[in-house]
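Under UniProt numbering, residues 1 to 310 are what the sequence shown spells out, in order.
Here the structure is laid out as structure tokens; the discussion comes afterwards.
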Amino acid sequence: MSPAADPARVLAQANGLGPIGRTLEEAGIADGALAASAASVLRFAVAVVAIWFVGRTVVLPLIRRALDRRGLDKHAKNPLLMLSRFGVLFFGIAVAFGFAGFGNFLVSMAGIAAAGALAIGLAMQNVISNFVAGVFIYTDKPFRIGDWIEWDNGDYAGVVEDISLRVTRVRTFDNELLTVPNSALTDNVLKNPVDADKLRLKFVFGIGYDDDIERATEIIVDEAERHPDIMDDPAPSVRLTELGDSDVGLQSRFWIANPSRADFVRTRGEYVTAVKRRFDEEGIDIPYPVRTLEGGFQPKEGRHIGQPAE
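Right, dumping it as structure tokens:
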């Protein structure tokens with residue numbers, strides 16, 4: 001009997017088993033229904049593996065080269081590459097559903113998207129919030145890897161080491177690594193002192209009421225102009241800003257170029273030390289707070305000061 005006239009083969013073709021299902025049925029491994037299910041599962045697995053392999057070897061390298069050509073920073077490329085991996089996996093699963101006969105392509109994609117959205121929405125609310133915040137960090141670019149940032153009213157500060165879709169890792173100036181949820185950096189005020197190419201610093205020098213304000217101002221400006229890391233344009237300036245209980249406050253304002261935390265601390269320390277040395281040389285006092293108590297003490301009549309109380 002010819003294969004075309006074989007009743008079993010004709011029945012298998014009628015049931016839509018395909019070559020895998022027919023092979024399983026003819027080998028006696030499974031009956032018609034089980035063979036069809038096994039064939040669908042195998043087709044699903046083969047499709048997922050094949051698309052994922054193509055995505056990893058062809059699609060993702062193309063995306064990586066395209067991002068490199070655009071000159072994106074590392075903090076921008078990492079989230080985009082992660083999204084691309086999820087996209088390849090999602091596409092592979094959706095195509096595999098259609099290829100395995102579990103529904104057409106569009107229905108498969110819609111079903112997977114709906115199920116995934118429901119599961120993520122119920123179980124990963126905080127993760128979604130941080131993910132969306134990570135997208136905003138990528139689009140708004142409030143800081144980059146290597147920037148010095150401060151948040152929570154200056155309670156936390158450090159240098160950004162890594163930015164991912166969920167968290168940002170910041171190395172503090174005490175060499176502690178902080179893992180910060182992205183939403184904590186986008187929901188509150190965040191300070192980035194090094195976003196521009198220069199940074200203005202301020203420091204208040206307190207001098208005595210009897211000292212020469214004009215001479216002290218000249219010294220403060222002169223030491224700023226002498227320091228190699230303090231900019232000449234904008235020029236340093238001094239303003240009388242405080243009349244304290246024991247001193248007159250002269251606020252110095254000066255700029256440094258290409259700021260970083262290390263440069264900021266070193267430059268300010270060297271500058272303040274130089275001004276203090278000049279003040280000492282020229283007899284300008286930096287007074288400490290003094291409190292004067294006035295009044296008298298009148299003991300009661302008939303009792304000596306040294307007499308114990310009854």
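The beta carbon of each residue, even a glycine, is placed where N, CA and C say it ideally should be.
Model, not experiment: these values are computed from the prediction.
Is residue i near residue j, with beta carbons less than 8 angstroms apart?
i	j	result
residue 166	residue 130	yes
residue 188	residue 148	no
residue 256	residue 267	yes
residue 250	residue 221	no
residue 192	residue 254	no
residue 313	residue 194	Not covered by the structure: residue 313. The range shown for the chain is 1 to 310.
residue 287	residue 154	no
How many Å lie between residue i and residue j at the Cα?
i	j	result
residue 60	residue 88	9 angstroms
residue 248	residue 175	38 angstroms
residue 182	residue 132	8 angstroms
residue 198	residue 232	12 angstroms
residue 269	residue 275	10 angstroms
residue 263	residue 200	12 angstroms
residue 280	residue 185	45 angstroms
residue 41	residue 58	25 angstroms
residue 156	residue 68	33 angstroms
Give me, in chain order, the residues of the same chain whose beta-carbon lies closer than 6 angstroms to that of residue i; leave out the 5 immediate sequence neighbours on both sides.
i	result
residue 162	169
residue 92	48, 51, 52
residue 179	167, 169
If you compare alpha carbons, which of the options is closest to residue i?
i	options	result
residue 56	43, 82, 155	82
residue 359	229, 219, 43	Residue 359 falls outside the range modelled here, since the chain spans only 1 to 310, and no answer is possible.
residue 95	219, 275, 43, 214	43
residue 202	224, 195, 145, 218	224
residue 114	90, 127, 126	90
residue 282	245, 195, 219, 252	219
residue 158	63, 217, 271, 190	190
residue 240	214, 69, 258, 66	214
residue 217	64, 66, 278, 62	278
residue 146	173, 70, 234, 244	173
residue 237	243, 226, 227, 252	252
DSSP state of residue i, grouped into three classes?
i	result
residue 145	coil
residue 162	strand
residue 209	coil
residue 241	strand
residue 180	strand
residue 154	coil
residue 215	helix
residue 248	strand
residue 173	coil
residue 196	coil
residue 235	coil
Excluding the 5 residues preceding and the 5 following residue i in the sequence, name in chain order all residues of the same chain whose CB lies nearer than 7 angstroms to its CB.
i	result
residue 209	248
residue 211	284, 285
Excluding five sequence neighbours on each side, which residues of the same chain lie with their C-beta closer than 8 angstroms to the C-beta of residue i?
i	result
residue 79	134, 135, 138, 163, 164, 165
residue 177	161, 169, 170, 171
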